[in-house]
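I have placed the structure first, in the form of C-alpha coordinates, so that the comments after it can refer back to it.
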Amino acid sequence: MKNFFKNIFNWINNTLGSLRNDLILHAGVSAIILVLLFNILTLGMCPSCAMAWAVFITLTIGLIKEYWIDDILRDSTADIQDLYADMAGVIIGVIVSLPALF
2 MKNFFKNIFN WINNTLGSLR NDLILHAGVS AIILVLLFNI LTLGMCPSCA MAWAVFITLT
62 IGLIKEYWID DILRDSTADI QDLYADMAGV IIGVIVSLPA LF
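Heads up, the sequence shown is in my numbering, so the first residue is 2 and it goes up one at a time.
Printed below as a string of C-alpha coordinates:
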(Lines of atoms letter the chains of each structure in order from A; the text may use other names.)
(Lines give C-alpha, C1' and ligand atoms only; values in the text may rest on other atoms or scores of the structure.)
Protein backbone atom coordinates (compact mmCIF):
# COMPACT_ATOMS: atom_id res chain seq x y z
CA MET A 2 0.00 0.00 0.00
CA LYS A 3 2.91 2.32 0.76
CA ASN A 4 4.38 1.72 -2.70
CA PHE A 5 0.99 2.38 -4.29
CA PHE A 6 0.81 5.92 -2.86
CA LYS A 7 4.48 6.48 -3.63
CA ASN A 8 3.93 5.46 -7.26
CA ILE A 9 0.91 7.76 -7.56
CA PHE A 10 2.84 10.67 -6.06
CA ASN A 11 5.79 10.04 -8.39
CA TRP A 12 3.50 9.87 -11.43
CA ILE A 13 1.79 13.17 -10.53
CA ASN A 14 5.13 14.80 -9.79
CA ASN A 15 6.65 13.63 -13.09
CA THR A 16 3.58 14.65 -15.08
CA LEU A 17 3.39 18.14 -13.63
CA GLY A 18 7.15 18.55 -13.77
CA SER A 19 7.24 17.77 -17.46
CA LEU A 20 4.75 20.53 -18.37
CA ARG A 21 6.11 23.72 -19.83
CA ASN A 22 5.70 26.73 -17.57
CA ASP A 23 3.94 28.75 -20.24
CA LEU A 24 1.25 26.08 -20.55
CA ILE A 25 0.46 26.42 -16.87
CA LEU A 26 0.42 30.19 -17.31
CA HIS A 27 -1.95 29.92 -20.30
CA ALA A 28 -4.35 27.72 -18.34
CA GLY A 29 -4.25 29.91 -15.26
CA VAL A 30 -4.80 33.17 -17.12
CA SER A 31 -7.64 31.65 -19.15
CA ALA A 32 -9.33 30.40 -15.98
CA ILE A 33 -9.00 33.82 -14.32
CA ILE A 34 -10.33 35.64 -17.39
CA LEU A 35 -13.31 33.29 -17.61
CA VAL A 36 -14.22 33.66 -13.94
CA LEU A 37 -13.92 37.45 -14.08
CA LEU A 38 -15.95 37.73 -17.27
CA PHE A 39 -18.59 35.39 -15.91
CA ASN A 40 -18.96 37.44 -12.73
CA ILE A 41 -19.18 40.69 -14.67
CA LEU A 42 -21.65 39.34 -17.23
CA THR A 43 -23.97 37.85 -14.60
CA LEU A 44 -24.75 41.38 -13.48
CA GLY A 45 -26.66 41.96 -16.71
CA MET A 46 -27.87 38.58 -17.95
CA CYS A 47 -28.85 35.11 -16.81
CA PRO A 48 -26.00 32.94 -15.51
CA SER A 49 -26.16 30.35 -18.28
CA CYS A 50 -25.96 33.03 -21.00
CA ALA A 51 -23.16 34.73 -19.09
CA MET A 52 -21.24 31.45 -18.96
CA ALA A 53 -21.67 30.88 -22.69
CA TRP A 54 -20.46 34.40 -23.51
CA ALA A 55 -17.57 34.15 -21.05
CA VAL A 56 -16.41 30.88 -22.66
CA PHE A 57 -16.70 32.37 -26.15
CA ILE A 58 -14.84 35.58 -25.25
CA THR A 59 -12.09 33.75 -23.34
CA LEU A 60 -11.44 31.31 -26.18
CA THR A 61 -11.46 34.19 -28.67
CA ILE A 62 -8.89 36.06 -26.58
CA GLY A 63 -6.66 32.97 -26.53
CA LEU A 64 -7.03 32.47 -30.27
CA ILE A 65 -6.26 36.13 -31.02
CA LYS A 66 -3.24 36.01 -28.74
CA GLU A 67 -1.84 32.93 -30.43
CA TYR A 68 -2.42 33.77 -34.05
CA TRP A 69 -2.26 37.54 -34.24
CA ILE A 70 0.18 38.48 -31.52
CA ASP A 71 2.54 35.48 -31.60
CA ASP A 72 2.36 34.75 -35.32
CA ILE A 73 2.20 38.24 -36.81
CA LEU A 74 3.68 40.67 -34.29
CA ARG A 75 6.37 38.48 -32.73
CA ASP A 76 7.24 36.53 -35.91
CA SER A 77 7.07 33.25 -34.03
CA THR A 78 4.80 30.30 -34.64
CA ALA A 79 1.39 29.73 -33.13
CA ASP A 80 1.53 26.70 -30.85
CA ILE A 81 -1.41 24.30 -30.69
CA GLN A 82 -0.32 23.23 -27.21
CA ASP A 83 -0.97 26.78 -25.99
CA LEU A 84 -4.48 26.61 -27.40
CA TYR A 85 -5.03 23.29 -25.62
CA ALA A 86 -3.82 24.90 -22.40
CA ASP A 87 -6.27 27.76 -22.95
CA MET A 88 -9.05 25.21 -23.37
CA ALA A 89 -7.99 23.45 -20.17
CA GLY A 90 -8.08 26.80 -18.37
CA VAL A 91 -11.59 27.46 -19.69
CA ILE A 92 -12.71 24.04 -18.43
CA ILE A 93 -11.18 24.76 -15.02
CA GLY A 94 -12.90 28.16 -14.95
CA VAL A 95 -16.26 26.61 -15.82
CA ILE A 96 -15.86 24.02 -13.07
CA VAL A 97 -14.97 26.72 -10.55
CA SER A 98 -17.94 28.87 -11.62
CA LEU A 99 -20.39 25.98 -11.85
CA PRO A 100 -22.00 26.50 -8.40
CA ALA A 101 -23.03 30.02 -9.43
CA LEU A 102 -25.22 28.58 -12.20
CA PHE A 103 -27.62 27.02 -9.73
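From the three backbone atoms N, C-alpha and C, an ideal C-beta is built for every residue, glycine too.
Here's the rule: buried if 16 or more other CB atoms are within 10 angstroms of the residue's CB, otherwise exposed. What is residue i?
i   : result
A28 : buried
D87 : buried
G45 : exposed
I34 : buried
Are residue i and residue j close, meaning C-beta to C-beta below 8 Å?
i   : j   : result
F57 : S98 : no
A51 : T43 : yes
D24 : Q82 : Per the sequence presented here, residue 24 reads as Leu, with Asp not at that position. Cβ atoms of L24 and Q82: closer than 8 Å.
Kindly list the residues whose CB is nearer than 7 Å to the CB of residue i, restricted to its own chain and excluding five residues on each side of it in sequence; keep chain order.
i    : result
A55  : L35, L38, F39 and L42
L102 : P48, S49 and M52
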